[in-house]
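What the sequence shown shows, in our numbering, is residues 719 to 1126, in sequence order.
Here a beta-carbon is modelled for each residue, glycine too, at the ideal position from N, C-alpha and C.
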Amino acid sequence: MKPPVHGTPRLMRAINDRAALRILLEKGPLTRPELSELTGLSKPTAFQLLARLQEAGLVVNDGVRAGQPGRTAEVYRVNAAAAYVAALDVTPERIGVQVADITGAVVGAARSPAPTPAGGGGLVERLREAVGAAQPPGPLRRVVIGVQGAVDPTTGRLDYATAEDMPGWQIPDLVPTLADGLGVTVDVENDVNLVALAEQAHGAAAGCPDFVLLWAGEGLGAALVIGGRLHRGFFGGAGEVGYMPIPGAATARDAGRFGHHGYQALAGGPAVQDLLRSYGVHGADFQESVATAVRLAEGTGRAAEEAVAGLRTVAARVALGLATIASVVDPGLVVLAGSLVSAGGERLRDLVERELRALDVERLRVRLSAVRGNPVLVGAMDLALARVRDEVFGQAARDGGPATAVGR
């Protein structure tokens, strides 16, 4: 057990309160003796702590638990209604919403179409309707919204996304406008960054402090986690690799900023579909084309040989961009995610890793995404809960009753 930390009674009380709340979140419900043992606090101090947190509305009694013959013990848990948060995944086609209480339990969800809003007011109204459809059981403390593109902190505008990509979002002071309109603290975060946070907490990147997540679908995007922290960049656009210059592809000089060029033109969904078509593999879209190539590659004969060759070429194009990123970032891991990757599965992952070896990127591991469900919502919810817990638990420590003895 770690030695006790020494400080002022108020500081120690704050540290103990936050530690107890974290333990109750992870291991609760708990009795007073159990909380005392897990925190390393004396039983009288644990009693005072629980009384303080009950008075603050953060902990509630959860009944009794039978102990030794003839004895019962009261059980305590975090008050789920202490705060509610919402996570949104916004695309040009739809808005997905989840609402959770402070324990992380999902208490509401909705999915609705995303018609083009008319300016900032229309956008706020559309988001308000989407959140309302999830029926939050109480006022929200924070909303985290995952979007294509990223907010440039130097301008306050959504960048790296056109009006066609995210209609109605090109307004000044985006985050303050949404916060004022929704009446709650709002964070707008790049959707691929949120997927990386989800993989870091629950998926393939757990335990790896330096990794790159590549999202490959209709478009390409990446997220960089360096030293365990998400790297957003000075202008908020770290990981916007879709238009990264790549040998063999046009550049912005040739096609304009949002034209068909760079990594996107080489390995984005439409480019992959065209490539596989040249190998005789056809599908209604790029995802179906990749899935068809994987299925054909399991067979024999000319069609199988062409499918294998096509998949190798797709993997070579994906690996070319990853090798460029790796030469700058030097990650320990690449996580592949997105609809192109889900269609290609383990076969595509293996081919990408082989192509990286051929490009002399020897030690970089390549894994498939392991987060279930909608990873954007998972990451957004994790971010919302982390920030709200810091706020609520910290506020409780600051606003608690008079300082009391908090030692062992």
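### Enclosing alpha helix (DSSP H) for E1006 [first to last residue]
1004-1015
### Task
Can you grab the Cα-Cα spacing for the pair G987 / R829, in whole Å?
25 Å
### Same chain, Cβ closer than 7 Å to T726, five either side skipped, listed in chain order
none
### Message
What does the alpha-carbon distance come out to for the pair V1008 and Q888?
### Response
34 Å
### Message
Using only the alpha-carbon positions, how far apart do A1061 and G814 sit?
### Response
22 Å
### Alpha carbon of A1021 to alpha carbon of Y981, nearest angstrom
28 Å
### Query
Which of helix, strand or coil does DSSP assign to V999?
coil
#### Entry: Range covered by the beta strand (DSSP E) that runs through Y802
802-808
### Query
Would the stretch 933-946 and the stretch 1049-1056 be scored as touching if the rule is three or more Cβ pairs under 8 Å?
yes
### Range covered by the alpha helix (DSSP H) that runs through D1048
Run containing D1048: none; DSSP gives neither H nor E here.
### Task
Look at M884 and P762 and say whether their C-beta atoms are less than 8 Å apart.
no
### Message
I'd like to know whether the C-beta atoms of A1037 and L1074 end up nearer to each other than 8 Å.
### Response
yes
### Message
In this structure, how does DSSP classify A1077 when only helix, strand and coil are distinguished?
### Response
First, the amino acid is wrong: residue 1077 is Leu here, not Ala. Residue state, collapsed to three classes: coil.
### Task
Rounded to whole angstroms, what's the CA-CA distance from A784 to A832? Just pull it up for me.
52 Å
#### Entry: Nearest-angstrom Cα separation, counted from E744 out to G1125
Interpretation of G1125 is limited by its pLDDT of 33, a score under 50 that renders its predicted location unreliable; the figure taken from the coordinates is listed afterwards. About 23 Å.
### Query
Ordered along the chain, which non-local residues of its own chain (more than five positions away) have a Cβ less than 7 Å from that of A916?
V1089, P1093, V1096, G1097, D1100
### Task
May I ask you to verify whether the stretch 856-866 touches the stretch 801-810, counting CB pairs closer than 8 Å and requiring at least 3?
yes
### Message
Tell me the residue span of the alpha helix (DSSP H) that contains N1092.
### Response
Where N1092 is concerned, there is no enclosing alpha helix (DSSP H), given that its DSSP letter is neither H nor E.
### Message
Buried or exposed, going by whether 16 or more other CB atoms sit within 10 Å of the CB of V824?
### Response
exposed
### Buried/exposed call for D1016, threshold 16 Cβ in 10 Å
Reading the sequence as shown, one finds Glu at residue 1016 and not Asp. That one is exposed.
### Query
Terminal residues of the continuous beta strand (DSSP E) containing T948?
Inspection of the sequence shows that residue 948 is occupied by Leu rather than by Thr. That run of the beta strand (DSSP E) goes 947-949.
#### Entry: Beta-bridge pairing of T790 - partner residues as DSSP gives them
A784
### G946 to T1018 span [Cα, whole Å]
45 Å
### Same chain only: Cβ atoms within 7 Å of R1030, ignoring 5 sequence neighbours per side
L1069
### Task
Give me the Cα-Cα distance between P1120 and F929, rounded to the nearest whole angstrom.
With a pLDDT of 34 at P1120, under the threshold of 50, the predicted position of this residue should be treated as unreliable, and no value is reported.
### Task
Go ahead and pull the three-state DSSP assignment for T726.
coil
### Message
Can you check which of these residues, V793, G840, A1025, Y802, is closest to G822 by C-alpha distance?
### Response
Y802
### Task
Tell me where the alpha helix (DSSP H) around G899 begins and ends.
892-900
### Task
Assign D905 to one of three DSSP states: helix, strand, or coil.
strand
### Query
Exposed or buried, A738, counting other C-beta atoms within 10 Å across all chains shown (16 or more means buried)?
buried
### Query
So, using beta-carbon positions, are M1162 and G1039 closer together than 8 Å?
Since the first and last residues shown for the chain are 719 and 1126, residue 1162 lies out of range.
### Task
Quick one: measure Cβ to Cβ for H949 and A956, integer angstroms, because I've assumed they're closer than 8 Å.
5 Å
### Query
Would you report the Cα separation of S754 and A774, rounded to the nearest angstrom?
19 Å
### Message
So, at 8 Å on beta carbons, what are the nonlocal neighbours of A852 in its own chain, with the 5 sequence-adjacent residues on each side left out?
### Response
A804, V815, Q816, V817, G826, A827, A828
### Query
What does W933 pair with, by DSSP beta-bridge criteria?
G939, A1055
### Query
For P965, which option in F1004, A985, L1014 has the closest C-alpha, if you only look at C-alpha atoms?
A985
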